[in-house]
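Per the numbering used here, the sequence shown runs over residues 2 to 112.
These notes are about the structure you will find just below.
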Amino acid sequence: MSTLGPFSRTRLVAAGYVGLVTLAALAYEIAGQPEAGEAAMTLAAWPGAIVLLVMLYPLAVLLGDDPLLGETVFNLLGPLLHGAGALLNVLIVWGVIAFARHVKAEYSRSR
2 MSTLGPFSRT RLVAAGYVGL VTLAALAYEI AGQPEAGEAA MTLAAWPGAI VLLVMLYPLA
62 VLLGDDPLLG ETVFNLLGPL LHGAGALLNV LIVWGVIAFA RHVKAEYSRS R
């Protein structure tokens, strides 16, 4: 039996998910961004990557760099965005679970 506790396994799975998405995005970028993998990369980090794009796009426009009109060359910002989106997904799930535990504790205390 493993010596890892339930919280350690959860953290290991979360770190593995973020690492796997980041490595897959890096491999996708190194392969030259083939069209066949575009949907898979978006889905792997969805909705976190989309939320980050919506939050960061106005900042990029203010700085004078329009990421939607840029050329498709090797760029490490894509893997970074997908990795950060996966991390945001982990934080969203953690927040939902923490909120559900809080509501459950308050409900049982109020009875």
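Think of the CB as a built atom: it goes at the ideal place given N, C-alpha and C, for glycine as much as any other residue.
>> Going by DSSP, what residue range makes up the alpha helix (DSSP H) through N90?
In response: L78 to S111
> From what residue to what residue does the alpha helix (DSSP H) around A40 run?
Replying inline: E39 to A45
>> With a threshold of 6 Å on Cβ separation, who are the neighbours of A127 within its own chain once the five nearest residues in sequence on each side are excluded?
In response: Residue 127 lies beyond the range of the chain shown here (2 to 112); nothing can be said about it.
> Candidates L92, L78, R102 and E30: which alpha carbon is nearest Y58's?
Replying inline: L78
> Would the beta-carbon of G96 be found less than 8 Å away from any heavy atom of the ligand COA?
Replying inline: Here there are no bound small molecules, and the ligand COA is not part of this structure.
>> Taking the straight line between their C-alpha atoms, what separation do you get for V94 and T11?
In response: The alpha-carbon atoms of V94 and T11 are separated by roughly 11 Å.
> Do you know how far the Cα of R102 is from the Cα of S111?
Replying inline: 14 Å
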